[in-house]
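Here the UniProt record's numbering is used: the first residue of the sequence shown is 1, the next is one more, and so on.
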Amino acid sequence: MRADARRNRERIVGAALGLFAEHGSGVSMEEIAQAAGLGVGTLYRHFPDRRALVEDLAVSTLTALRDRLRSTRDRPPWDALADLVGYCAGQPLALVTSLTGAAPASESRTRLVGEVDVLLHDLVEQAQKQRVLRGDLSPEQIAGLLNVAICRPGARADDPLTTVLLDGLRTHRPGA
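Structure, rendered in structure tokens:
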């Protein structure tokens, strides 16, 4: 992809994320093009329809999440999990989840969700084996609880809900 085309695509995606976050999913393609400082034709050359744009947002967000999970493999499991929660709180996961809600998932999005699930499951199991994460919950239950903390509007790594949730999941050793 040419450098100018890549920049235009990045401008479109950035504008779409900002507008969706501020105004919800009802933002028009014309509003996105205007916010990106581009013509509607340029937007439609990159994304033939709204569904393609939303799918691109979802796939790029999930790709970054998968890559982040992969990069934590050599870290202590609790540190990797806490880092992951902090990272995710800064991503548009709630927005992407709400935008893609009823839309059929593409093959690449389905594959990425599966990869993220496996990587998260492995991380949780490692943390449980090292006894730094509660062992009385399944990895699926822990993933569900983490989703509550990070897949919501306004999620932050240091907000009370996230802090309480992580404190409740962590195994506290006597005298620690």
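Beta carbons: idealized from backbone N, C-alpha and C, even for Gly. Please read all numbers here as calculations on a predicted model, not as lab measurements.
The Cβ atoms of residue 133 and residue 81 sit closer than 8 Å to each other. Counting only unbroken stretches of 4 or more residues, the alpha helix (DSSP H) elements lying wholly within the stretch 5-82 are 29-36, 40-46, 50-71, in sequence order.
Restricting attention to 137, 110, 106, the CA atom closest to the CA of residue 121 is found in 137.
In this structure, the straight-line span from the alpha carbon of residue 99 to that of residue 36 is close to 19 Å. With distances taken between CA atoms, residue 117 lies nearest to 143 out of 143, 92, 130. The three-state reading of DSSP puts residue 170 in strand, counting E and B together. For residue 92, no alpha helix (DSSP H) segment is defined, and its DSSP state is neither H nor E. In terms of Cβ geometry, residue 19 and residue 27 form a close pair [threshold 8 Å]. Here residue 39 really is in contact with residue 33; their C-beta atoms are around 6 Å apart, less than 8 Å. Of the residues assessed, residue 128 falls on the buried side of the cut-off, its CB having 16 or more other CB atoms within 10 angstroms. Assignment of beta-bridge partners to residue 133 by DSSP yields 170. Here the alpha carbons of residue 86 and residue 151 stand approximately 12 Å from one another.
Short of 6 Å from the beta carbon of residue 153, and not among the five residues preceding or following it, lie these beta carbons of its own chain, in chain order: 94.
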